[in-house]
C-alpha cells in the first residue's frame, strides 16, 4: 500500500516505521527539524526491548500534494499529528486529500466529527491507536511495554476497501490492525481511558499505577462522566464499559503516563483542550453537565498560567 502519515511522532513514527519495515510505501508530511531528520538520517525506532533500528530513505514532504507526487499516488492518509493549539489538525493542505480515505487517530472525541465535516463522512475512518510510545527527538520514537494496535472504521455504514487492506497491512507488520464496524464506540471508550488517566494523572502528578491503586474511586468518577456524555451523544457504549476500562487500566504498565500528562508537566503545548475541552463541549451539545472535567481544566489551565 501507499500510505501517507501526517506527523512522525509517537503514533505516526512508530506505526509508519513498522509498515515501512513490512514493505509498504510509506511517506510522511512533516516540518522543521523532523522533516530534515527524515530526509537525512531517517526514522529511528526503539522497540519495547530497547532494540534500536534506523530506517533511512523514507519519503518526507511538507504537504500531502508533494507527498502524493513522491509516492506516485496515495491509498490512505493517516492523520497522526497532535491536536495542539495553533496546529493545522489535518495538515497544511487538506484539500489534497479529497477522495482519499482519511484515518483519524487523535485522543479527542471531536476530531472524527470535524474530519467528517471536512472530507465527507464516506471518506473518514475514525480510528483509535493504542500504544505507549514516546517521541524522544526529531524522527526518533521509543515504544514502551503495552498494547500495539490501530483500530478504525467508517463513520457511515459500509466499507472502504483501503481500510480493510490497511488492517491487513498492520497485522502483517506485527501490530493489531482492526477494521471496526462501530468505530465511535471505540473512540469514546479510548477517551474514557486515556483522557481520564491523563487528566487525573496531571492533577496529582502520578502515573497510572498510583491512580488505580490509591485513588480508584476518583478515576472511576471521571470515567462515569465520559460515559454519561457519550451515551447522551447517542454512542452505544457497552453496558459495563466503565468496569472494563478500569480493568484495562489496572493491566497497564504501572509507571505509564499519557502524552498529554507529560506535556502539561513539562509546560509544553498540550492536548488539554482537545481532550478535556472536547468532552466538555460534547456535554454542552448533548445537554449534560461535566463538573469533574470543568474543574480539572480550570485548575490545570491556572497552573500552566503561573
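In UniProt numbering, the protein residues as written are 1 to 306.
The beta-carbon is built from N, C-alpha and C at its ideal position, and this holds for glycine as well.
Count the other CB atoms, across all protein chains shown, that sit within 10 Å of the CB of residue i; report buried if there are 16 or more and exposed otherwise.
i	result
residue 186	buried
residue 168	exposed
residue 183	buried
residue 268	exposed
residue 283	buried
residue 213	exposed
Give the C-beta separation of residue i and residue j to the nearest angstrom, bearing in mind that I take them to be a contact with Cβ-Cβ under 8 Å.
i	j	result
residue 27	residue 61	7 Å
residue 124	residue 116	5 Å
residue 37	residue 45	With a Cβ gap of about 13 Å, residue 37 and residue 45 do not count as contacting.
residue 300	residue 203	7 Å
residue 156	residue 189	Residue 156 to residue 189, Cβ: 20 Å. No contact.
Name the DSSP bridge partner or partners of residue i?
i	result
residue 2	25
residue 154	125
residue 141	45, 135
residue 59	27
residue 76	3
residue 102	77, 124
residue 130	149
Could you pull the start and end residues of the alpha helix (DSSP H) that residue i belongs to?
i	result
residue 51	Segment: none, residue 51 is in no alpha helix (DSSP H) and carries neither H nor E.
residue 193	183–204
residue 113	111–119
residue 264	259–265
residue 216	216–232
residue 40	32–40
residue 245	241–250
residue 162	161–172
residue 68	64–71
Tell me which same chain residues have a C-beta within less than 8 Å of the C-beta of residue i, skipping the five on either side of it?
i	result
residue 33	138
residue 279	109, 191, 195, 225, 226, 229, 290, 293
residue 205	265
residue 177	149, 150, 151, 166, 167, 168, 169, 170, 171
residue 163	76, 101, 103, 125, 152, 153, 154, 179
Excluding the five sequence neighbours on either side, which residues of its own chain have a C-beta within less than 6 Å of the C-beta of residue i, listed in chain order?
i	result
residue 77	4, 97, 100, 102
residue 274	83, 108
residue 145	48, 253
residue 320	Not covered by the structure: residue 320. The range shown for the chain is 1 to 306.
Terminal residues of the continuous beta strand (DSSP E) containing residue i?
i	result
residue 177	176–179
Could you pull out every residue in the same chain whose Cβ sits closer than 7 Å to the Cβ of residue i, ignoring the five residues on either side in sequence?
i	result
residue 24	1, 3, 169
residue 238	244
residue 258	194, 197, 198, 201
residue 207	201, 254, 255, 256, 257
Can we count residue i as close to the ligand MN, meaning its CB is less than 6 Å from some heavy atom?
i	result
residue 75	Absence of the ligand MN is noted for the structure shown, with no ligands found whatsoever.
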